[in-house]
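Numbering (our numbering), first residue to last: 198 to 645.
Structure below.
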């Protein structure tokens, strides 16, 4: 099918590109906040360990930004190559947020470059100020690109006449019903994932035998902030469920295998479907779907029986939802136990087995991000622009998409391996202990 069906090949290539890019995009949105917080703590506490965190995290961040630029450019290219009919129909509307996203990135990149190459030219307070536009630019990049996705889920701001979008109002199209929950959830989960990624790195260094205070401080800071943003992500996720119930009930019904409209609907976790579409082995939580959808345990939740079969999203979205929720609950619990353990002096939070759970939390958080986007995009099927244009109508008819898939897959493999090699070389050849030792020697004393 990869070489015989351009629609299928276009879907697969878009899935591959978005799944690879979202790793770098999440780092690109989340890490600047932590660089800024670490730098601020270093100034506030007069503790160079935090300044060093900001310095080293910024080095690694530069590498991921460089690769993210490549993958982001590829997405823009593939929008035109793989989905030309969609771009012809909606390009004049989504052009504004796409342009603003590029502007936000350049705004971030300029100040990031200045920050990275002026460590010895400003005092720390003035140097810290350069991070504010970096964090704002990163957040605005996520805002504007997510606005495009929100428009695809809840299109508005135009008139549809003879199959054409006319009388376009780009500002109205940007502020759709899907925008608030989508943007806030993307930002919260990016900050959460960045926190647990950095915590995983610190925990791994402690497991390896480094007992340096630098790693302990990094772990403590990132786990506390990770707890805040993981709770925020869960709360916003609840609002997202209510948005879906109101504006995209078919997506919620497919994700929950909710086949029949009913009151007091239960929420299903896990399970399998048999050949008769009967759910087996699922964990059923009474009334929970009604609460998620409407905040009322007895409210009616629309099922898939209200939609024609050709407009029913793929039921595999149920597993994406389960994966996202399971990992999210695990990370909230892990961060909460760590925070309580530190407060109450529980010794096991310093044990290697617990630190291995924190290390595991890093890649699991990225997997939750992937699952969330898979649910969002697959759950919109068969539409590329909900209610207006299907994926099949939007796709290219080129016979070369299968070849493009192979070439881009090879490129992503190369970029992924290259990222790991470069980051490993940067940090392995210059461990933090050595860098701090050089600073201590230069200052003529030992740091706390």
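Glycine residues also receive a C-beta, built at the ideal position from the N, C-alpha and C atoms.
Next item on the list: Report the rounded CA-to-CA distance for residue 626 versus residue 570, giving the unit in angstroms.
Entry: Taking the chain shown and counting its residues from 1, the one referred to as residue 626 is at position 429. Taking the chain shown and counting its residues from 1, the one referred to as residue 570 is at position 373. Computed Cα separation, rounded: 36 Å.
Item checked: Residue environment, residue 361, which counts as buried when at least 16 other CB atoms sit within 10 Å -> Translated into the one-based positions of the chain shown, residue 361 becomes position 164. Exposed, since its Cβ has fewer than 16 Cβ neighbours within 10 Å.
Notebook entry, point to check: In terms of residue numbering, what span does the alpha helix (DSSP H) encompassing residue 571 cover?
Noted result: Taking the first residue of the chain shown as 1, we reach residue 571 at position 374. Residues 549 to 575.
Next item on the list: Within its chain, find whatever has a CB closer than 7 Å to the CB of residue 587; leave out the 5 residues flanking it on each side and keep chain order.
Entry: By 1-based counting over the chain shown, the position of residue 587 is 390. Excluding positions up to five away in sequence, the list reads 579, 580 and 581.
Next item on the list: Would you kindly check if the distance between the Cβ of residue 458 and the Cβ of residue 525 is under 8 Å?
Entry: In the chain shown, the residue the question calls residue 525 occupies position 328. In the chain shown, the residue the question calls residue 458 occupies position 261. In this structure, residue 458 does not lie closer than 8 Å to residue 525 by Cβ.
Checklist line | Where residue 540 falls, given that 16 or more other Cβ within 10 Å makes a residue buried | finding: The sequence position of residue 540 within the chain shown is 343, counting from 1. By the 10 Å Cβ count, residue 540 comes out exposed.
Check: Where do the N-terminal and C-terminal ends of the beta strand (DSSP E) with residue 580 fall, by residue?
Finding: In the chain shown, counting from the first residue as 1, residue 580 sits at position 383. 580 to 582 is the extent of the beta strand (DSSP E) around residue 580.
Check: Whole-angstrom Cβ separation of residue 385 and residue 426, contact assumed at under 8 Å?
Finding: Counted from its first residue, the chain shown places residue 385 at position 188. Counted from its first residue, the chain shown places residue 426 at position 229. So it is a contact: roughly 5 Å between Cβ atoms.
Notebook entry, point to check: So residue 629 and residue 409 are in contact, right, with Cβ under 8 Å, and what is the actual spacing, rounded?
Noted result: For the purposes of this step, residue 629 is taken as residue 432 along the chain shown, with counting starting at 1. For the purposes of this step, residue 409 is taken as residue 212 along the chain shown, with counting starting at 1. Indeed, because the Cβ distance is near 7 Å, the residues count as touching under 8 Å.
Check: Would you report the Cα separation of residue 340 and residue 380, rounded to the nearest angstrom?
Finding: Locating residue 340 in the chain shown gives position 143, where the first residue counts as 1. Locating residue 380 in the chain shown gives position 183, where the first residue counts as 1. Their backbone Cα atoms lie some 6 Å apart in a straight line.
Notebook entry, point to check: Beta carbon of residue 591, beta carbon of residue 280: below 8 Å?
Noted result: Start at 1 with the first residue of the chain shown, and residue 591 comes out as number 394. Start at 1 with the first residue of the chain shown, and residue 280 comes out as number 83. Contact flag set, yes.
Checklist line | C-beta atoms of residue 334 and residue 298 nearer than 8 Å | finding: As a first step, residue 334 is located in the chain shown; it is residue number 137 there, counting from the start. As a first step, residue 298 is located in the chain shown; it is residue number 101 there, counting from the start. No, they are not a contact pair.
Notebook entry, point to check: On the three-state DSSP scale, how would you describe residue 358?
Noted result: Numbered from its first residue, the chain shown carries residue 358 at position 161. Strand.
Notebook entry, point to check: Between the stretch 266 to 286 and the stretch 435 to 455, do three or more beta carbon pairs fall short of 8 Å?
Noted result: no
Check: Are the Cβ atoms of residue 345 and residue 295 separated by less than 8 Å?
Finding: Taking the chain shown and counting its residues from 1, the one referred to as residue 345 is at position 148. Taking the chain shown and counting its residues from 1, the one referred to as residue 295 is at position 98. Yes, the Cβ-Cβ distance between residue 345 and residue 295 is below 8 Å.
Margin query: Closer than 7 Å to a non-hydrogen atom of the ligand GDP - does that hold for the CB of residue 352?
Written below: Judged by which ligands are present, the structure shown has none, so any question about the ligand GDP falls away.
Check: Do the stretch 257 to 269 and the stretch 596 to 616 make contact, defined as three or more Cβ pairs closer than 8 Å?
Finding: yes
Margin query: Relative to the C-alpha of residue 485, which candidate in 514, 478, 435 and 323 has its C-alpha closest?
Written below: Against the chain shown, residue 485 aligns to sequence position 288. Ranking the options by Cα distance to residue 485, first place goes to 435.
Checklist line | residue 329 versus residue 237 - alpha carbon distance | finding: Taking the first residue of the chain shown as 1, we reach residue 329 at position 132. Taking the first residue of the chain shown as 1, we reach residue 237 at position 40. Computed Cα separation, rounded: 11 Å.
Notebook entry, point to check: Where does residue 481 sit, in a helix, a strand or coil, going by DSSP?
Noted result: Taking the chain shown and counting its residues from 1, one reaches residue 481 at position 284. Residue 481: strand per DSSP, three-state reduction.
Notebook entry, point to check: Cβ of residue 618 within 8 Å of Cβ of residue 260?
Noted result: Numbered from 1 along the chain shown, position 421 holds the residue referred to as residue 618. Numbered from 1 along the chain shown, position 63 holds the residue referred to as residue 260. No; because the gap between Cβ atoms is not below 8 Å, this pair is not in contact.
Notebook entry, point to check: With DSSP run on the structure shown, which of helix, strand or coil describes residue 587?
Noted result: For the purposes of this step, residue 587 is taken as the residue at position 390 of the chain shown. Correct three-state label for residue 587: strand.
Notebook entry, point to check: Is it right to say residue 475 is buried, meaning 16 or more other beta carbons lie within 10 angstroms of its own, or is it exposed?
Noted result: As a working note, residue 475 is residue 278 in the chain shown. Exposed, since its Cβ has fewer than 16 Cβ neighbours within 10 Å.
Next item on the list: Could you tell me which residues DSSP pairs with residue 465 in its beta bridges?
Entry: For the purposes of this step, residue 465 is identified with residue 268 of the chain shown, where counting begins at 1. DSSP lists 481 as partners of residue 465.
Note to self: Whole angstroms are fine: how far does the CA of residue 222 sit from the CA of residue 367?
What the structure shows: Against the chain shown, residue 367 aligns to sequence position 170. Against the chain shown, residue 222 aligns to sequence position 25. Residue 367 and residue 222: Cα-Cα distance of roughly 24 Å.
Check: Is DSSP giving residue 298 helix, strand or coil here?
Finding: Position 101 of the chain shown, counted from the start, is the residue given in the question as residue 298. Looking at residue 298 - three-state DSSP - the assignment turns out to be helix.
Check: DSSP on residue 472, reduced to helix/strand/coil?
Finding: If you number the chain shown from 1, residue 472 lands on position 275. Note: residue 472 maps to coil in three-state DSSP.
Notebook entry, point to check: Does the Cβ-Cβ distance between residue 393 and residue 528 come in under 8 Å?
Noted result: Locating residue 393 in the chain shown gives position 196, counting from the first residue. Locating residue 528 in the chain shown gives position 331, counting from the first residue. The answer is yes: Cβ separation under 8 Å.
Notebook entry, point to check: Thinking C-beta only, is residue 389 closer than 8 Å to residue 430?
Noted result: Along the chain shown, read from residue 1 onward, the residue named residue 430 stands at position 233. Along the chain shown, read from residue 1 onward, the residue named residue 389 stands at position 192. Result yes, Cβ atoms of residue 430 and residue 389 sit closer than 8 Å.
Check: In angstroms, rounded to a whole number, what distance separates the CA positions of residue 535 and residue 548?
Finding: Against the chain shown, residue 535 aligns to sequence position 338. Against the chain shown, residue 548 aligns to sequence position 351. The alpha-carbon atoms of residue 535 and residue 548 are separated by roughly 11 Å.
Next item on the list: Determine the closest residue to residue 496 out of 555, 271 and 443, with distance taken between C-alpha atoms.
Entry: Walking along the chain shown from the start, residue 496 turns up at place 299. Looking at the Cα atoms, 443 is the closest of the given residues.
Margin query: Rounding to the nearest angstrom, what Cα-Cα distance links residue 210 and residue 606 in this structure?
Written below: As a first step, residue 210 must be located in the chain shown, where it is residue number 13. As a first step, residue 606 must be located in the chain shown, where it is residue number 409. Between residue 210 and residue 606, the C-alpha separation is close to 8 Å.
Note to self: At the level of alpha carbons, what is the spacing between residue 270 and residue 309?
What the structure shows: Stepping through the chain shown from its first residue, residue 270 is reached at position 73. Stepping through the chain shown from its first residue, residue 309 is reached at position 112. Approximately 19 Å, taken between the alpha carbons.
Item checked: residue 290 beta carbon less than 8 Å from that of residue 365 -> Mapped onto the chain shown, residue 365 falls at position 168. Mapped onto the chain shown, residue 290 falls at position 93. Yes, Cβ-Cβ distance for residue 365 and residue 290 is below 8 Å.
Check: Alpha carbon to alpha carbon, how far is residue 205 from residue 451?
Finding: As a first step, residue 205 is located in the chain shown; it is residue number 8 there, counting from the start. As a first step, residue 451 is located in the chain shown; it is residue number 254 there, counting from the start. Whole-angstrom Cα-Cα distance: 21 Å.
Item checked: Within 8 Å, strictly: CB atoms of residue 556 and residue 391 -> Here residue 556 refers to the residue found at position 359 when the chain shown is read from its first residue. Here residue 391 refers to the residue found at position 194 when the chain shown is read from its first residue. Result no, Cβ atoms of residue 556 and residue 391 do not sit closer than 8 Å.
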